[in-house]
Amino acid sequence: MSAFEVLWTLPSREPRPQRRFAHSVRDERRGRFTYADYAVQVARAADLAGFHGLLLPNDSDGEEPWILGSALARETRHLRIIPEFAPESASAVYSAKLSFTFQRFFNDRLGWLLQIDDVAGDERNDRFLRAEELLVIAEGIWGETPFDYAGRFFSVAGGALFALHPRQNVRVDARRFPTVYARDDDDAALAFSARHADVLLFTGRDPQRLSERIARHRRLAAEAGRGVRYGLHVPVVAREYDAEAQTERDRLVAAGYAFENALTGSYANVAQRLRAYGELGIGTFVIDAVPRLEEAYRIGEYLVPLLDAQPLRRTG
Amino acid sequence: MAVPDERIPIYWRIPMSGDMSSWRNAPKTRGDWTPPAAGSIAPGRRDGEADGSSYLDYMIEVARAAEAAGFYGGLLPSFPETDDPWIASAAIARATTTFRFMIAFQPGFLDALQATRMSATLQRLSRGRVVYNIITGGGGPQQHWWGDFVEHDARYARTAEFLATLKDAWPAQRTEFPVPDIYFSGSSDAAIDAASAHADYYLSWLEHPDDLERKFDRVRERAAQRGRTARFAVRAHVIARPTEEEAWREVRLGWERVRPEQIEMLRNRKAESVGSQRLAAYQPGVASGYKDLIIAPNLWSGIALLGDFPTIGIVGSYEQVADRLDDLVRIGADALILAGLPHLEEALRVGEEVLPLFNGRAALDIAPPRVAAGVSSLPYVLT
Chain A
121 MSAFEVLWTL PSREPRPQRR FAHSVRDERR GRFTYADYAV QVARAADLAG FHGLLLPNDS
181 DGEEPWILGS ALARETRHLR IIPEFAPESA SAVYSAKLSF TFQRFFNDRL GWLLQIDDVA
241 GDERNDRFLR AEELLVIAEG IWGETPFDYA GRFFSVAGGA LFALHPRQNV RVDARRFPTV
301 YARDDDDAAL AFSARHADVL LFTGRDPQRL SERIARHRRL AAEAGRGVRY GLHVPVVARE
361 YDAEAQTERD RLVAAGYAFE NALTGSYANV AQRLRAYGEL GIGTFVIDAV PRLEEAYRIG
421 EYLVPLLDAQ PLRRTG
Chain B
348 MAVPDERIPI YWRIPMSGDM SSWRNAPKTR GDWTPPAAGS IAPGRRDGEA DGSSYLDYMI
408 EVARAAEAAG FYGGLLPSFP ETDDPWIASA AIARATTTFR FMIAFQPGFL DALQATRMSA
468 TLQRLSRGRV VYNIITGGGG PQQHWWGDFV EHDARYARTA EFLATLKDAW PAQRTEFPVP
528 DIYFSGSSDA AIDAASAHAD YYLSWLEHPD DLERKFDRVR ERAAQRGRTA RFAVRAHVIA
588 RPTEEEAWRE VRLGWERVRP EQIEMLRNRK AESVGSQRLA AYQPGVASGY KDLIIAPNLW
648 SGIALLGDFP TIGIVGSYEQ VADRLDDLVR IGADALILAG LPHLEEALRV GEEVLPLFNG
708 RAALDIAPPR VAAGVSSLPY VLT
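If you're matching them up, the sequences are chains A and B in order.
Counting along the first sequence from 1, when you hit position 42 you're at 162 in the numbering used here, and nothing is skipped either side.
Counting along the second sequence from 1, when you hit position 2 you're at 349 in the numbering used here, and nothing is skipped either side.
Structure below.
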């Protein structure tokens, strides 16, 4: 598809404002067409349109991303499914167990997006410590050798996912550890993601700050002996002509979508802007666009192919 | 004729870590949980290459067979050596219509609010087909494998707190579906105490009916003290054949691969789990043949020797198995969880041949059948 990794975004609750289908095509029976049905359609659209993955943000008022993600994985073939979850939502072993089954069922298509609450000071350090313990245990038991660890938040003794039944000496096929996505660019977040993330996602698009944070992060990751890739969240409104895109963006904003700062323009211009982020070291784009199903096709067909018009140095 | 709301829900077990082709053959030949052998059907690989399917595909076939055969739903157990029931249920939900998912899980492993949200999403996704099998853990090294170092009685206190939190948090989920029914396992005093407060169904492995009846009495008494009415569920493997002889022949052929040290091991199992201790007590010290493990008509206590299953199963003709299930209703069972090998074909067989003979609540109005002649009930001691 592209030298870039391009991910699609699916919020875990009904879009607001609600889609208004004509009465003739609406099934009025209660509960017959649920948000999960819509989510499956969006996931299939993203899968068919060639996106690499689907990010499922964790919204406490929305659907739970692990459950939704499993249902979506069953209905897609290629998409990496990336549920966002908080390290405290399950024990470290149980998060790894959920992940192992997911990898077994869906051919290694799981990604993790770690949710670290935006709290202050020591509490935030505790959140990262917990995330760190989660990663240490999950990676530690992701093998055949019994693993022990006693942490402040999580512990395990004799854990090993691939040698599950000593009595029968049963061993199952190795599976890839989920691809770990982290976000946030404050110093605590950078220190954590340098040690444990595969991809660090930025939300702010200021090129100067991006350059500075990426350079700093590369040094931290190198100290940990690791390479990390970088990604950017981008709301996008792209049309054939700039003016069409601007009109559409204004309509979305008027309808209540937070698209004021969306990357807006013709396909060629938006692609050029994205390629410029590529020059800064961004290799992953998490694209947010509405309506989710239709835009997956539009952006897959018109925008993504232009990202490689000028071949880029692959980063990370 | 029983009225619909008095129906006894009958669940079938979904095998969560591979399946055996019969009681006679030990290795799991279905699924990739054991190394491939001649005759393996291991979805996921074809001629050594990944083929785009996975063990989930087989689980879905079992669920569809059970659904077609008239089962109310399925139990999805959870152990270190199994796939995870939450992920499996979410994936199977859209491939089935009425099949309920009885998800086994230990409350200590999930944050209560997280479990609430997972359940509410799965309720919406499946349109109200979620059921819980709350387990509190067998203790020992397996509990440490899970990263859980909380002691036995404290685990039950934790379970009780978890369920209270979940029920409190449910209304905020704004779903039209209720809190899933809670099937609660555990044989210790701490377990029965927690069950009396929170269980919709108190779930037990099959034991000798006299022991089961006494156990139910304890639960009933404890629940009554809390002003609640206890309901009961029994879980049993069944070997049902057109004739009793054919059913016992399966047992005999399976028995041929049992090694004496397995019997010894089962007898001497030093488990923290009170339920496991009770089942171990049904094992004779020495067994010269499979018949030594017959503890009552059609009840055989060697099922655990033939695979990773609970100890006691029902063996007999279709009529006898149905009669024994009726017996369970007579001693108080309000729900049943059955299983057989292989899970796919046996779901269809039991659905077609046994369930139509099962009287359900109507069994309460029918005199118990005379037990078949020629099957001796051995004396046993529950220590």
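Cβ coordinates follow ideal geometry from the N, Cα and C atoms, glycine included.
Nothing here was measured: the structure is a model prediction, and the numbers come from that model.
| Item | Value |
| --- | --- |
| Taking the straight line between their C-alpha atoms, what separation do you get for Trp186(A) and Ser180(A)? | 13 Å |
| When you compare only the Cα positions, how much space is there between Val605(B) and Leu352(A)? | 60 Å |
| Considering Cα atoms alone, identify which of Ala165(A), Phe171(A), Ala191(A) is closest to Pro425(A). | Phe171(A) |
| Where do the ends of the beta strand (DSSP E) carrying Ser275(A) lie? | 275 to 279 |
| Would Pro383(B) count as contacting chain A if we go by Cβ distances under 8 Å? | no |
| Along the chain, which unbroken stretches of the alpha helix (DSSP H) at least 4 residues long are found entirely within the segment 677 to 720 of chain B? | 690 to 696 |
| Indicate whether at least one CB of chain B lies closer than 8 Å to the CB of Val145(A). | Summary for Val145(A): the model assigns pLDDT 49, below 50, so the residue's position carries little reliability; its value from the coordinates is reported in the next sentence. Taking Cβ atoms only, chain B never reaches closer than 8 Å to Val145(A), which makes this a no. |
| Are there 16 or more other CB atoms within 10 angstroms of the CB of Tyr358(B), so buried, or fewer, so exposed? | buried |
| Can you name the residues of chain B whose CB is closer than 7 Å to the CB of Arg224(A)? | Ser401, Tyr402, Asp430 |
| Report the neighbours of Thr437(B) on chain A: residues whose CB is nearer than 7 Å to its CB, in chain order. | Per the sequence presented here, residue 437(B) reads as Ala, with Thr not at that position. Residues of chain A passing the Cβ test: Ile187, Ser190, Ala191. |
| Going by Cα to Cα distance, which pick from Phe563(B), Glu699(B), Leu550(B) is closest to Gln683(B)? | Note that residue 683(B) corresponds to Leu in the displayed sequence, not to Gln. Of the listed residues, the one whose Cα sits closest to Leu683(B) is Leu550(B). |
| Along chain B, in chain order, which residues have C-beta atoms closer than 7 Å to that of Phe274(A)? | Gly494 |
| Suppose you measure from the CA of Val621(B) to the CA of Asp304(A); what does that come to, to the nearest Å? | 48 Å |
| For Ser473(B), which residues of its own chain have a beta-carbon under 6 Å away from its beta-carbon, when the five flanking residues on both sides are left out? | Ala440 |
| Taking 8 Å as the threshold (beta carbon to beta carbon), is Ser211(A) in contact with chain B? | yes |
| Are there 16 or more other CB atoms within 10 angstroms of the CB of Gln328(A), so buried, or fewer, so exposed? | exposed |
| When DSSP labels each residue in this structure, what does Ser635(B) get in the three-state scheme? | coil |
| Excluding five sequence neighbours on each side, which residues of the same chain lie with their C-beta closer than 7 Å to the C-beta of Arg575(B)? | Ser543 |
| Would you report the Cα separation of Thr730(B) and Tyr637(B), rounded to the nearest angstrom? | For Thr730(B), the pLDDT reaches just 31, beneath the cut-off of 50, and the residue's location in the model is therefore unreliable, although a value from the coordinates is still provided. The alpha-carbon atoms of Thr730(B) and Tyr637(B) are separated by roughly 22 Å. |
| For the segment 202 to 219 of chain A against the segment 454 to 470 of chain B, are there 3 or more C-beta pairs whose distance is under 8 Å? | yes |
| When the cut-off is 8 Å and only beta carbons count, does Tyr158(A) lie next to chain B? | no |
| Hey, Ala442(B) and Arg471(B) are a contact pair by Cβ (cut 8 Å); roughly how many whole angstroms apart? | 17 Å between Cβ atoms; not a contact. |
| Can you check whether the CB of Asp167(A) is closer than 8 Å to the CB of Thr129(A)? | no |
| At a CB distance below 8 Å, what residues from the segment 366 to 382 of chain B approach chain A? Give them in sequence order. | Asp379, Trp380, Thr381, Pro382 |
| Between Gly417(B) and Arg447(B), which are expected to be in contact by the criterion C-beta below 8 Å, what is the C-beta distance as a whole number of angstroms? | With a Cβ gap of about 13 Å, Gly417(B) and Arg447(B) do not count as contacting. |
| Tell me the rounded alpha-carbon separation between Val276(A) and Thr376(B). | 31 Å |
| Specify, as a first and last residue, the run of the beta strand (DSSP E) that Val354(A) falls within. | 349 to 359 |
| Name the DSSP bridge partner or partners of Arg582(B)? | Trp552(B), Ile684(B) |
| With burial defined as no fewer than 16 other Cβ atoms inside 10 Å of the residue's Cβ, what is the status of Val239(A): buried or exposed? | exposed |
| Any idea what DSSP makes of Met363(B), helix, strand or coil? | coil |
| Below 8 Å between beta carbons: does that hold for Ala437(A) and Tyr387(A)? | The structure shown does not extend to residue 437(A), since chain A is modelled only from 121 through 436, so no value can be given for it. |
| If the cut is a Cβ gap below 8 Å, which residues of chain B does Leu218(A) touch? | Asp431, Trp433, Ile434 |
| Going along the chain, which unbroken runs of the alpha helix (DSSP H) with 4 or more residues stay wholly within the segment 518 to 573 of chain B? | 536 to 545, 556 to 572 |
| Around the C-beta of Phe222(A), are 16 or more other C-beta atoms found within 10 angstroms, so that it is buried, or is it exposed? | buried |
| By the DSSP assignment, the alpha helix (DSSP H) with Ser473(B) in it spans what residues? | 459 to 473 |
| Note down, in chain order, every chain B residue with its Cβ under 8 Å from the Cβ of Ala258(A). | None at all; the shortest Cβ gap to chain B is about 10 Å. |
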